[in-house]
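Everything on this sheet refers to the single structure shown next.
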Amino acid sequence: MSSESVPSPRPATKSVIPVAGMGTRFLPATKAVPKELLPVVDRPALQYIVEEAARAGVGEVLMVTGRNKGSIEDHFDRTPELETALEAKGDQGRLDAVHESTDVAQVFFVRQGEAKGLGHAVLQAEAFVGDEPFAVLLGDDIIDARDHLLEQMLAVQAEHGGAVIALLDVGADNISKYGAVAVEEAKVSGDAAGDEVFRVTGMVEKPPADEAPSTLAIIGRYVLPPEVFPAIRDTPPGRGGEIQLTDALLKLVEDGMPVHGVVFSGRRYDTGDKLDYLKAVVRLAVEREDLGPAFGPWLRDFVADLPAEGASPA
Ligand code: UTP
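Numbered as in this note's numbering, the sequence shown ends at 838 without a single skipped number.
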């Protein structure tokens, strides 16, 4: 394959959302409830992500699910009994809320069988995707609706072809929790105030901090070419015995395919992480028109009464 850019003949229209992971960081809540359904204010984290896919024009969605994830299918299905009850009460507001999750996108499901890693989860989408580029959105990673990361990534893929990954500068202290990338020094486009685009030259999953090629971490958005499927099939289990998507993407880089990284400068929440989950709930609740006016003043008082760092609570 040539290292020249290969503009994609067709724009992506489909997206894949892997939701088959075990959510061990959020136990015991995730024993029976998938972490992707934990509520962020009043809707499951996953609903924000499906809404983002629909907004970006990739609203034909395949969810890769697993055992104990049946409630995810239920959430995106109709609920005739509930709808009839709300209709009888004339409760249009709640009826609209119930319809939101079914109307937002066209959602399909496939099962992963065994949670053998993100690469393996994406491989289950091969028949659905066919021979087109497609988006991957991780089911526990919320990008603020005001930040248009996925749209920008789709535009970069349409211009350069190949694969596009979302990057975040997480600093040296955090990089060992992520896939880390090496990038070319000269940026392809963008300015320091917005999201910059770099050509990716290497990547490694969860490296020790002193071996990380940079502090740029791969976060939960990808736009991938169909060539990623044979690359995943050729990828042996890597870190943690899982088939890593990062390893398959490295193969594409080594084959000379253009792989670009968009360095995200907006707001992102990893709702599979307890601390980030709390931040997402508080921030999104404060900004809500219906809750913010009551929650904001309460939160200000609460914070003002917090004991100083190191002091024990009253
Ligand atoms: P994570 O690594 O965050 O998911 O994968 P996890 O394994 O559930 O998390 P912890 O560390 O045990 O808490 C990112 C996304 O990929 C999906 C997850 O559901 C999550 O949305 N995933 C991961 C799969 O679909 N299949 C897998 O085999 C692994």
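Backbone N, C-alpha and C fix where the C-beta goes; we use that ideal spot for every residue, glycine too.
Taking the Cα of residue 544 as reference, the smallest distance to any Cα among 601, 574 and 635 is reached at 635.
About 16 Å separates the beta carbons of residue 677 and residue 703, which is beyond the 8 Å limit, so they are not a contact pair. At a threshold of 7 Å, residue 686 does not count as near ligand 1, since its beta carbon sits no closer than that to any of the ligand's heavy atoms. Close CB contacts of residue 725 within its chain, under the 7 Å cut and outside five residues either way in sequence, are with 706, 707, 708 and 777 (chain order).
Residue 753 sits in a helix when the DSSP states are folded into three classes. Short note on residue 576: C-beta not closer than 7 Å to any heavy atom of ligand 1. For residue 748, the enclosing beta strand (DSSP E) starts and ends at 740-748. Residue 741 and residue 750 have their C-alpha atoms roughly 23 Å apart. Boundaries of the beta strand (DSSP E) harbouring residue 539: 538-542, taken from the DSSP string. For residue 611, the CB stays at least 7 Å from every heavy atom of ligand 1. Three or more beta-carbon pairs drawn from the segment 791-809 and the segment 653-669 are found closer than 8 Å, and the two stretches are therefore classed as touching. When secondary structure is reduced to three states using DSSP, residue 600 falls in the coil class, being assigned neither helix nor strand. Residue burial annotation: residue 630 is exposed, with fewer than 16 other C-beta atoms found within 10 angstroms of its C-beta. In the three-state reduction of the DSSP assignment, residue 807 falls in the helix class. Set against 7 Å, the gap from the CB of residue 543 to the closest heavy atom of ligand 1 is smaller. Excluding five sequence positions before and after residue 632, the CB atoms of its chain that fall closer than 6 Å to its own CB belong to 586, given in chain order.
DSSP places residue 670 in no alpha helix (DSSP H); its state is neither H nor E. Between residue 745 and residue 673 a beta carbon distance of about 6 Å is seen, short of the 8 Å cut, so the two are scored as contacting. Residue 584 is positioned such that its CB atom lies no closer than 8 Å to that of residue 626. Judged by DSSP in its simplified three-state form, residue 638 adopts coil rather than helix or strand. Here residue 690 really is in contact with residue 788; their C-beta atoms are around 5 Å apart, less than 8 Å. Per DSSP, the beta-bridge partners of residue 692 are 741.
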